[in-house]
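> Numbering (mature numbering (1 follows the signal peptide of the UniProt record, and there is no 0)), first residue to last: -22 to -1, 1 to 191. Quick reminder that beta carbons are idealized off the backbone N, C-alpha and C, glycines included.
#1: Compare the Cα-Cα distances from residue 56 to each of 67, 22, 32 and report the closest residue.
#2: For residue 52, does the three-state DSSP call read helix, strand or coil?
#3: Taking the DSSP output, what are the residues bridged to residue 159?
#4: For the segment 128 to 140 against the segment 160 to 169, are there 3 or more C-beta pairs whose distance is under 8 Å?
#5: What does a CB cutoff of less than 6 Å around residue 35 pick up in its chain, not counting 5 residues either side in sequence?
#6: So if DSSP puts residue 192 in a beta bridge, which residue, or which two residues, is it bridged to?
#7: Applying the criterion that 16 or more other CB atoms from any shown protein chain within 10 Å of the CB defines a buried residue, is residue 69 buried or exposed?
#8: Tell me which same chain residues have a C-beta within less than 8 Å of the C-beta of residue 6, skipping the five on either side of it?
#9: Among the candidates 163, 117, 155, whose CA atom is the shortest distance from the CA of residue 37?
#10: Could you tell me which whole alpha helix (DSSP H) segments of length 4 or greater appear in the segment 66 to 141?
#11: May I ask which residues mark the beginning and end of the beta strand (DSSP E) holding residue 174?
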């Protein structure tokens, strides 16, 4: 069972798993929380690969863009994302980063499974689920209906250059469903994007047309 949420409320660190702690909800218990060192380059690579695809013009249904910054890992955003994951609640935060004096963009992904296996997070699937929303986005300024494509536009917002993520696997106390292991994936992005009335990036053809004037 998979579900995702988006909210834009508005060098590699070595964060290893911490076991045996409790979620913010005392009735829930961690199996694992935090990122394994192998996850960070994977998260960065997949995000930057998708952003490059926009600039290459190879994303189906999306026009070629220009000027998308290469994302770098940010420990502060990773810390805030981990704090959200550690709540073990599939619910958005209102985290404000004083560097931008604005709420960060926050992508959430939740999955459930029957058995826990250590060091078995699936960041590829979580990030793919966010990017797949491009099929709902018709290029233009962000506007009504962005709840259908907001994960995608947060990922490819041109001016965003920092990312940090967190992860938690925990017992959800739903043994009767046969899916009593929950996984929560959280990524924070900055500077934040998804501003209303602004497109996520500049079209390449517009940029070159301006340069020829």
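Taking the coordinates as given:
#1: Ranked by Cα distance from residue 56, the options 67, 22, 32 are led by 22.
#2: DSSP places residue 52 outside both helix and strand once states are collapsed to three, so it counts as coil.
#3: The partner list for residue 159 (beta bridge, DSSP) reads 91, 149.
#4: Counting C-beta pairs with one atom in each stretch, the segment 128 to 140 and the segment 160 to 169 have three or more that are closer than 8 Å, which means they touch.
#5: Counting only Cβ-Cβ distances below 6 Å, and skipping sequence neighbours, we find 42.
#6: Only positions -22 to 191 of the chain appear in this structure, which leaves residue 192 out of reach.
#7: With fewer than 16 other Cβ atoms within 10 Å, it is exposed.
#8: Cβ within range, chain order: -1, 66, 148, 149, 150, 151.
#9: When the alpha-carbon of residue 37 is set against those of 163, 117, 155, the nearest one is in 117.
#10: Fully contained in the segment 66 to 141 are the following alpha helix (DSSP H) runs of length 4 or more, in chain order: 101 to 109, 128 to 134.
#11: Segment: none, residue 174 is in no beta strand (DSSP E) and carries neither H nor E.
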